[in-house]
Structures are given as C-alpha cells and as structure tokens.
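For reference, the structure discussed in these notes is given below.
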Amino acid sequence: MVFLWPIFLILAVIIKIDSKGPIFFKQQRVGKNKEYFHILKFRTMRSDTPKDMPTHLLQNPDAFITKSGKFLRKTSLDELPQIINILKGDMSIIGPRPALWNQYDLIAERDKYGSNDIYPGLTGWAQVNGRDELPIEVKASFDGEYVKKMSLSFDTKIFFKTVFSVLRSEGVKEGSSEVKTELKKKINS
C-alpha cells in the first residue's frame, strides 16, 4: 500500500487542477449479505453529475466526465482507492462488482445465484466478460458462475484477464455502439 501513495498523490493533484470538487467519489453500494458500504473511487465526473446513476444511463455521459476522468477511466486508475475498501474488509480483490444500492433488478437477479452472499470485488468474472455493457441477467449469471467456481486458480485467471483487459482498455467506452457490437458477438457465440 505504501508504494501506491505517490501514485495517489499525483492523481489527486491532477484531479484538483482539472476540476472543482473533491478528489474522491464516495457512493453507497451493496456488499456481502446485502449490507451497505461506501465505495471509494477517484472522482472522474463533474460535481454536478446526477448521483446514484450508472454512467451509461446518463443522457450524455461524456458531458459530465472530466478531462482527467477520461484518462482515469481508460486506465482504470479511478478504481485504485478501492484498495482502501479491501483493507477495511468491505470488498475482496476478486468477486462480483458491488451493485449500486438502487440497482434492485441486479440485486434480485444475483440473489438467484447466491452472489450477494460473498464479498464484492474490485474485479470479477462478469467484468472480464463485458463489464457494464452486459445485460443484467447475463451479468448475474457470470456472477453466479463465479460463486460456483470460486478458487485460488479461478481468482488468478480473473486477475490476469483483468490486467490484460485494462492494458487493452477493453469495455471502457461507456455505452458505445462499438462495445455493444462486440458484446453481442460474445453473447451470441
């Protein structure tokens, strides 16, 4: 954790220079056994962005994303503060991504698979298979598959797939037609 502080400091300065508002973004999410916790991220959007709404559901997401935010999202560096959530015991490194408190459809769908009974993760099986562009039923199904296959070897596989996805910037274009076309190919194959 100590070696990350210089990165945190540099990113904090960049965020403050780029736009007004706090360095961190805090949002209520659903954790293990459906208990709420506050997830931490580096702020990538303007302070006047509608709260508790997934980015891909905003009318015009690009209008709210800051210049530094585009870089942070493309590189997934906006997720780094979740290491604090992991150290606090709110999250795991690998697991289903924590749902927003108001994503009732996703929470209900995950109940079918027992995915709400484990710690949410920084990355997960659904993320390396499509991220936020997945339909809720498909995302929950991947989360359920993770619950069934949970093991050190499966976590290792997900970890390395995540690293490669981040390096290739896969799935980071919120709601774009390019990503949706690729996702349709993946789902239909």
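To convert, note that position 15 of the sequence shown is 15 in UniProt numbering; the numbers rise steadily by one, no gaps.
The beta-carbon is built from N, C-alpha and C at its ideal position, and this holds for glycine as well.
The structure presented is a predicted model; accordingly, all values stated were derived computationally and were not measured.
Does the Cβ-Cβ distance between residue i and residue j come in under 8 Å?
i	j	result
A126	K139	yes
I94	I86	no
R29	P135	no
I158	K32	no
Report the rounded CA-to-CA distance for residue i versus residue j, giving the unit in angstroms.
i	j	result
G69	I23	11 Å
D132	H56	8 Å
F37	R168	30 Å
F71	M150	32 Å
Q59	M53	11 Å
V128	I39	20 Å
F3	S141	36 Å
S47	F25	9 Å
F8	K51	24 Å
I10	D90	25 Å
L100	I83	18 Å
K74	W5	20 Å
S153	S165	18 Å
E137	G130	13 Å
Starting from the C-beta of residue i, find all residues in its chain whose C-beta is less than 7 Å away, skip the five residues before and the five after it, and write them out in chain order.
i	result
P96	R110, S115, P120, G121, G124, A126, D143, Y146
residue 192	It is not possible to answer for residue 192, since the shown part of the chain is limited to 1 through 189.
With a CB to CB cut of under 6 Å and the five nearest residues on each side skipped, what residues in its chain are close to residue i?
i	result
K67	D18
F64	M45, R46, T49
A12	I23
K34	N116
Within the stretch 7-34, ranges of the beta strand (DSSP E) (whole runs, at least 3 residues): 24-30
Below 8 Å, can you find three or more Cβ-Cβ pairs linking the stretch 66-79 to the stretch 27-44? yes
With a cut-off of 8 Å, do at least 3 Cβ pairs link the stretch 118-133 to the stretch 145-158? Put simply, the stretch 118-133 touches the stretch 145-158. At least three CB pairs are less than 8 Å apart.
Please confirm if the stretch 95-106 is in contact with the stretch 8-18, defined as three or more CB-CB distances below 8 Å between the two stretches. no
If we require 3 or more residues per run, which beta strand (DSSP E) segments fall completely within the stretch 98-163? The qualifying runs are 121-123.
Length at least 4, wholly inside the stretch 44-108: the alpha helix (DSSP H) runs in chain order: 67-75, 82-88
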